[in-house]
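If you use the numbering used here, the sequence shown corresponds to residues 18 to 169, in order.
So the structure is just underneath, and the comments pick up after that.
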Amino acid sequence: MLADGDRESVDAGITDSGNIHSSLFYNIYWSLLEDCGCERMSAFVKAFRLYLEQVSLDESEPVLGLTRAWTLIRFFESGMMQLSACTSCGGHFVAHAHSPDQDFVCGICQPPSRAGKTRKKRQEERAATPRTPVSLNEPDSMTGRGLVARGM
Ligand SMILES: [Zn+2]
18 MLADGDRESV
28 DAGITDSGNI
38 HSSLFYNIYW
48 SLLEDCGCER
58 MSAFVKAFRL
68 YLEQVSLDES
78 EPVLGLTRAW
88 TLIRFFESGM
98 MQLSACTSCG
108 GHFVAHAHSP
118 DQDFVCGICQ
128 PPSRAGKTRK
138 KRQEERAATP
148 RTPVSLNEPD
158 SMTGRGLVAR
168 GM
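The following block contains the structure:
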């Protein structure tokens, strides 16, 4: 059973910079477990220290706190999260478990601002094509956001 706070941090862990930091941390943790045969707790502590070092080298703020890092590992252990391989750079990134990842592209290769452009382009394509009944194959048309984007 998860509290609302936990649910929020799942989402925080997979969005934008939160995702990149979660992924960075979890990749370090995972390689410590696999390569050094570290015990879970010491791998966690080492991974968190390495994560902070990495972040300070990049001169950015650590997004992931100790509590959230631990929560992240518990999500992986309970099967709620998975690592998806980016089809563009091949890096592994934190994603919700069972999310389709055949054409997964990470937040670095595809910044969030690109999504807006893609939607606009799709809108233009729609405007250019003759009027057809709403396609049920278009997943966008099923969401509120899709309707708004189409001016409905
Ligand atoms: Zn990528």
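All residues carry an ideal CB built from backbone N, CA and C; glycine is no exception.
Asked: Distance cut-off 6 Å: S40 Cβ against heavy atoms of ligand 3; Found: Absent from the structure shown: ligand 3. Ligands present: ligand 1.
Asked: F92 versus H109 - alpha carbon distance; Found: 16 Å
Asked: Contact set for W87: own chain, Cβ-Cβ below 8 Å, skip 5 residues either direction; Found: F61
Asked: Option in S105, E78, Q71 with minimal Cα separation from D120; Found: S105
Asked: Where the beta strand (DSSP E) containing S101 begins and where it ends; Found: 98 to 102
Asked: H115 classed as buried or exposed, judged by whether at least 16 other C-beta atoms fall within 10 angstroms; Found: exposed
Asked: Length of the line joining the Cα atoms of I37 and L74; Found: 15 Å
Asked: C-alpha gap between L50 and I125, whole angstroms; Found: 25 Å
Asked: Extent of the continuous beta strand (DSSP E) to which A60 belongs; Found: Looking at the DSSP string, A60 is not in any beta strand (DSSP E); the run it does join, the alpha helix (DSSP H), is 57 to 74.
Asked: Cβ-heavy atom distance, C123 to ligand 1, below 6 Å; Found: yes
Asked: Paired residues, beta bridge with V111 - DSSP; Found: L100
Asked: Pick from L41, E76, S77, E78 that is closest to A64, judged by C-alpha positions; Found: L41
Asked: Residue burial classification, C123 (beta-carbon count within 10 angstroms, cutoff 16); Found: buried
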